[in-house]
């Protein structure tokens, strides 16, 4: 069955304060949807990584938080979007230990491993969209 | 600013009681019941109107930042701040000032109504004047909020970084909340200073109070551990809860070179062993 969206909200991502807010909103939403403590933590951590990427590398953007259902399960989907410089080499960016900034180089790959579904679309010069989902 | 030859000072002088009454009645008719109490409203209105009338007599109608308006500004500042503590919205405070327009316009129309051009000029002057005063209340309100936020931020910086001595040569750093870079910098400096000060051999960093450990937090922790090691102190990271442990594994953060423990008590025991101390129950002989 196709995935349906039952609730949706948008949040701005412009500064590191916004990253803190997004973490709190994601946690509250995950609690509301009845996620286990481990799943809450995974989703919040993945959101933190991607939100920070949006702010630091994408020059700011937005996150869309969606409550989704496929008829049997419910889940949480987060879509991070920026109009930044984009990513030249996606495979390289996803490789553990690679960073174009000063980080550990684990954020993007880590976020992928922390979620059930992961999708990234990026065009150099146009921006990046990363979408993750986790089912309860 | 140029002085405007307005008839407003004269009108205010002659009709002050009537205008004040109209203004108060106007406000009482529109204000929501839980807003300003009637007695308080009357008192504020009377005080403001008195000061306003006196300031208008100076003829300085174009600019409210001058000395003639100092008393009015002070009164509005006080009002705006007391309104904040009493829970009024900035809109309500500004409306208090802006609602004076209607009774003033009515008077102006009665007094100079025959001369359309003069009426327009006078109305424009009054509008400009009251708008400035209304905006001023909002400005004071915002400034109050900003001061509050800055104070709280500073409080948090101070609060969140205590380094405590648990035992001879053993320090503990209980971390709480978000580890953004500004705070982490302070945490790191505090810990390193305390290591020098006390000559501690072991520092326990407890992250029980850190809700999310992502790669940035992990990186900060690893850097702190590395810096402490350079100064001759070993670090133990404690307070790693099950969900945090799983998340760290998924992230792929390498903590193999750091001693980690689930609880601060476990970490303390290790620290005691390493420093050659021990604690036990006193045994009866």
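Protein chains in written order, with this note's numbering: chain A, 111 to 246; chain B, 2 to 286. Glycine is no exception: its CB is placed at the ideal position from the N, C-alpha and C atoms.
Give the straight-line distance between the Cα atoms of residue i and residue j, rounded to the nearest whole angstrom.
i             : j             : result
residue 111/B : residue 59/B  : 23 Å
residue 148/B : residue 135/B : 20 Å
residue 184/A : residue 159/A : 23 Å
residue 213/B : residue 210/A : 23 Å
residue 295/B : residue 15/B  : Shown here, chain B extends from 2 to 286; a query on residue 295/B therefore has no answer.
residue 124/B : residue 52/B  : 20 Å
residue 57/B  : residue 139/B : 21 Å
residue 272/B : residue 173/B : 10 Å
residue 146/A : residue 185/B : 29 Å
residue 188/B : residue 45/B  : 48 Å
residue 69/B  : residue 13/B  : 16 Å
residue 21/B  : residue 31/B  : 16 Å
residue 231/B : residue 200/B : 13 Å
residue 67/B  : residue 101/B : 21 Å
residue 153/A : residue 130/A : 14 Å
residue 157/A : residue 136/A : 7 Å
residue 62/B  : residue 24/B  : 20 Å
residue 208/A : residue 190/B : 28 Å
residue 104/B : residue 18/B  : 12 Å
residue 227/A : residue 161/A : 17 Å
residue 275/B : residue 225/B : 20 Å
residue 115/A : residue 121/A : 17 Å
residue 233/B : residue 192/B : 13 Å
residue 169/B : residue 244/B : 33 Å
residue 241/A : residue 229/A : 5 Å
residue 211/B : residue 82/B  : 35 Å
residue 189/A : residue 212/A : 24 Å
residue 119/B : residue 98/B  : 24 Å
residue 163/B : residue 278/B : 24 Å
residue 86/B  : residue 222/B : 40 Å
residue 128/A : residue 145/B : 23 Å
residue 3/B   : residue 10/B  : Because residue 3/B carries a pLDDT of 43, less than 50, the predicted location of this residue cannot be relied on, and no value is offered for it.
residue 142/B : residue 91/B  : 7 Å
residue 5/B   : residue 119/A : With a pLDDT of 47 at residue 5/B, under the threshold of 50, the modelled position of this residue cannot be trusted; read the value that follows with caution. Near 52 Å, if we compare the C-alpha coordinates of residue 119/A and residue 5/B.
residue 79/B  : residue 268/B : 53 Å
Going by DSSP, what residues sit across from residue i in a beta bridge?
i             : result
residue 192/A : 171/A and 238/A
residue 184/B : DSSP lists no partner for residue 184/B.
residue 235/B : 203/B
residue 232/A : 238/A
residue 177/B : 210/B
residue 122/A : 172/A
residue 181/A : In DSSP, residue 181/A forms no bridge with anything.
residue 187/A : 176/A and 243/A
residue 260/B : 237/B
List the whole-angstrom C-beta distance separating residue i from residue j, where the pair is believed to meet the contact cut-off of C-beta under 8 Å.
i             : j             : result
residue 164/A : residue 248/B : No, residue 164/A and residue 248/B are not in contact; Cβ-Cβ is about 20 Å, not under 8 Å.
residue 240/B : residue 215/B : The pair is not a contact, with the Cβ atoms about 16 Å apart (cut-off 8 Å).
residue 197/B : residue 137/B : 51 Å between Cβ atoms; not a contact.
residue 192/A : residue 215/A : About 19 Å; that fails the 8 Å criterion.
residue 170/A : residue 218/A : The Cβ separation is near 18 Å, so there is no contact.
residue 254/B : residue 202/B : With 8 Å as the limit, residue 254/B and residue 202/B do not qualify as a contact, their Cβ atoms being about 26 Å apart.
residue 265/B : residue 205/B : 7 Å
residue 194/A : residue 238/A : 6 Å
If we require 4 or more residues per run, which alpha helix (DSSP H) segments fall completely within the segment 104-172 of chain B?
117-160
Counting beta carbon pairs with one atom in the segment 258-267 of chain B and one in the segment 229-245 of chain B, are three or more of them shorter than 8 Å?
yes
Just checking, does the segment 73-85 of chain B make contact with the segment 210-224 of chain A on the three C-beta pairs under 8 Å criterion?
no
Can we say the segment 163-182 of chain A touches the segment 162-180 of chain B, given the rule of at least three CB pairs closer than 8 Å?
no
Minimum length 4: unbroken alpha helix (DSSP H) runs contained in the segment 40-115 of chain B:
71-87, 91-99 and 102-113
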